[in-house]
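Each residue of the sequence shown is one higher than the last, beginning at 0 in numbering that gives the first Met the number 0. Quick reminder that beta carbons are idealized off the backbone N, C-alpha and C, glycines included. Notes for the one structure printed next.
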Amino acid sequence: MGEKKRARCGRLAGWVGIICNILLSAGKFIAGNLSGSVSITADALNNFSDASSSLISLIGFQLSEKRPDAEHPYGHARYEYISGFVVAILIIVIGIELLRSGIERIITPQPVDFSIVAIVVMLVSIAVKFGMMIFDRSMGRRIDSKTLIAAAADSRNDCIVTAAVLAAGILSHRTGVQLDGVMAVLVAGFILFSGAGLVRDTMDPLLGNAPSPEMVGKIREKILSYPGVLGTHDLIVHDYGHGRKFATVHVEMAAENDVIKSHEIIDDIERDFLREGINMLVHFDPVVTDGSATGEVRRELDRIVRLIDSRLSIHDLRLMNCGERTIAYFDVVAPKELGMNESELREEISRFAAQKYPDMRCEITLDNSFAAIPPEE
Numbered sequence: 000m001g002e003k004k005r006a007r008c009g010r011l012a013g014w015v016g017i018i019c020n021i022l023l024s025a026g027k028f029i030a031g032n033l034s035g036s037v038s039i040t041a042d043a044l045n046n047f048s049d050a051s052s053s054l055i056s057l058i059g060f061q062l063s064e065k066r067p068d069a070e071h072p073y074g075h076a077r078y079e080y081i082s083g084f085v086v087a088i089l090i091i092v093i094g095i096e097l098l099r100s101g102i103e104r105i106i107t108p109q110p111v112d113f114s115i116v117a118i119v120v121m122l123v124s125i126a127v128k129f130g131m132m133i134f135d136r137s138m139g140r141r142i143d144s145k146t147l148i149a150a151a152a153d154s155r156n157d158c159i160v161t162a163a164v165l166a167a168g169i170l171s172h173r174t175g176v177q178l179d180g181v182m183a184v185l186v187a188g189f190i191l192f193s194g195a196g197l198v199r200d201t202m203d204p205l206l207g208n209a210p211s212p213e214m215v216g217k218i219r220e221k222i223l224s225y226p227g228v229l230g231t232h233d234l235i236v237h238d239y240g241h242g243r244k245f246a247t248v249h250v251e252m253a254a255e256n257d258v259i260k261s262h263e264i265i266d267d268i269e270r271d272f273l274r275e276g277i278n279m280l281v282h283f284d285p286v287v288t289d290g291s292a293t294g295e296v297r298r299e300l301d302r303i304v305r306l307i308d309s310r311l312s313i314h315d316l317r318l319m320n321c322g323e324r325t326i327a328y329f330d331v332v333a334p335k336e337l338g339m340n341e342s343e344l345r346e347e348i349s350r351f352a353a354q355k356y357p358d359m360r361c362e363i364t365l366d367n368s369f370a371a372i373p374p375e376e
């Protein structure tokens, strides 16, 4: 889907949310004042906040359309993430306010006059909010928008809130037991729990979360499909919003190959990824594959690290002869949850290597793994 069409879909969802929530809020304020129900009035305030959230989402989509400029060369698409985060915060604020109102009503209970007007307004609200939930969820998945997914979750919460308020009102009216405040507290707890989850989900892309294993696998599989490519490592993916992904990766190719030919293959890789929406920068890593000493040592070191942990891999091996000893400089890519610290890992690799090469000293650089690229076969 093109960026302009995606933005139009986002704006449409924003306007639908603004109009529907303003109408629902007005109806519930009237019903709440007529019945004297604090939970209905709080629900009206919730819908008014939802209208504000829809306006924020609308502004977020509008700002995310701005083209890159000198101050923001990676674009402005993260405005959409920011708007989603603000919506999540507003959900938490509404939950806190509803919790306060519910506790006050429990402490000082008041009779609730639950009229037919209030019942009709609440039933209409449930139907409208259910429709908005389906609409926002469908649109959010279609255009891959965390903001609309958050709005769909908010509409789902509103359905539950309104249904709970309606049930409490009917029970209170029939039994005389004042459940208005208790129901408000229970609903507030649900809203706060949901809001906390949405904050986490919208914060992840702002903080810079790791690429999904599916994306990593697809990138690696595509790179390995090019002729002459032996392996990949040090993949880093930066997500600056929908359609604004930048990535760097080291690609291993035989050192014996023609350099110009290898460079042409790397250019092809970068161009092909750009067509798929990823601005890829490829670093060429030459690997000795012939029967030389370097090639033999590399294979042995690779075997050693995989004996320690199958997720370990090495690259950038250089051998330096220093009189009677040889120094092996190489990098090791290790997962963050390895179970041993850096010193222990270096000592373990050096100990195994010394058994095979007693006159060789290992100088090991540990790489941080920014993406879980599987080890080479």
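Q | From W14, L273 and V281, residue whose alpha carbon lies closest to that of G230 | A | Counting from 1 along the sequence shown, the entry for residue 230 is found at position 231. With distances taken between Cα atoms, G230 lies closest to V281.
Q.
Can you give me the C-alpha to C-alpha distance between D427 and A126, rounded to a whole angstrom?
A. Residue 427 lies beyond the range of the chain shown here (0 to 376); nothing can be said about it.
Q) So what does DSSP say about F60, is it helix, strand or coil? A) Position 61 of the sequence shown, counting from 1, holds the residue named residue 60. F60: helix per DSSP, three-state reduction.
Q.
Assuming G194 is part of the alpha helix (DSSP H), what are its boundary residues?
A. Reading the sequence shown from its first residue, position 195 is the one you call residue 194. Start and end: D179 to L206.
Q. Are the CB atoms of G74 and G240 nearer to each other than 8 angstroms?
A. In the sequence shown, the residue the question calls residue 74 occupies position 75. In the sequence shown, the residue the question calls residue 240 occupies position 241. For G74 and G240, yes; Cβs fall inside 8 angstroms.
Q) In three-state terms, what does DSSP make of A87? A) Taking the first residue of the sequence shown as position 1, residue 87 is located at position 88. Three-state result, A87: helix.
Q.
I'd like to check one pair, M319 with I326: are the Cβ atoms closer than 8 angstroms?
A. Within the sequence shown, the letter at position 327 stands for residue 326. Within the sequence shown, the letter at position 320 stands for residue 319. Contact: yes.
Q) Going by Cα to Cα distance, which pick from D330, S48 and R324 is closest to Y356? A) Walking along the sequence shown from the start, residue 356 turns up at place 357. With distances taken between Cα atoms, Y356 lies closest to R324.
Q. Does the pairing of the segment 119-133 with the segment 219-226 give three or more beta-carbon distances under 8 angstroms?
A. No: fewer than three Cβ pairs fall under 8 angstroms.
Q) For N367, which beta-bridge partners are listed by DSSP? A) Taking the sequence shown and counting its residues from 1, one reaches residue 367 at position 368. According to DSSP, N367 bridges with A333.
Q. In angstroms, rounded to a whole number, what distance separates the CA positions of I372 and H232?
A. Sequence index remark: in the sequence shown, residue 372 carries index 373 (1-based). Sequence index remark: in the sequence shown, residue 232 carries index 233 (1-based). Bear in mind that the predicted position of I372 carries a pLDDT of just 49, short of 50, making it unreliable; the figure below should be weighed with that in mind. Our two residues, I372 and H232, have alpha carbons roughly 7 angstroms apart in a direct line.
Q) By DSSP, does G101 sit in helix, in strand, or in coil? A) Your numbering for residue 101 matches position 102 in the sequence shown. Three-state DSSP puts G101 in a helix.
(Q) Quick check: does the Cβ of L191 come within less than 7 angstroms of any heavy atom belonging to the ligand SAM? (A) Ligands are entirely absent from the displayed structure, and the ligand SAM is therefore not among its contents.
Q: Answer yes if the segment 48-64 comes into contact with the segment 142-150, meaning at least three C-beta pairs across the two stretches below 8 angstroms, and no otherwise.
A: yes
Q: Kindly list the residues whose CB is nearer than 6 angstroms to the CB of L395, restricted to its own chain and excluding five residues on each side of it in sequence; keep chain order.
A: Residue 395 lies beyond the stretch modelled for the chain, which goes from 0 to 376, so this question has no answer here.
Q: Report yes or no: do the segment 249-259 and the segment 285-297 share at least 3 C-beta pairs separated by less than 8 angstroms?
A: yes
Q: Decide if G175 is buried, meaning its Cβ has at least 16 other Cβ atoms within 10 Å, or exposed.
A: Your numbering for residue 175 matches position 176 in the sequence shown. Exposed, because fewer than 16 other Cβ atoms sit within 10 Å of the Cβ of G175.
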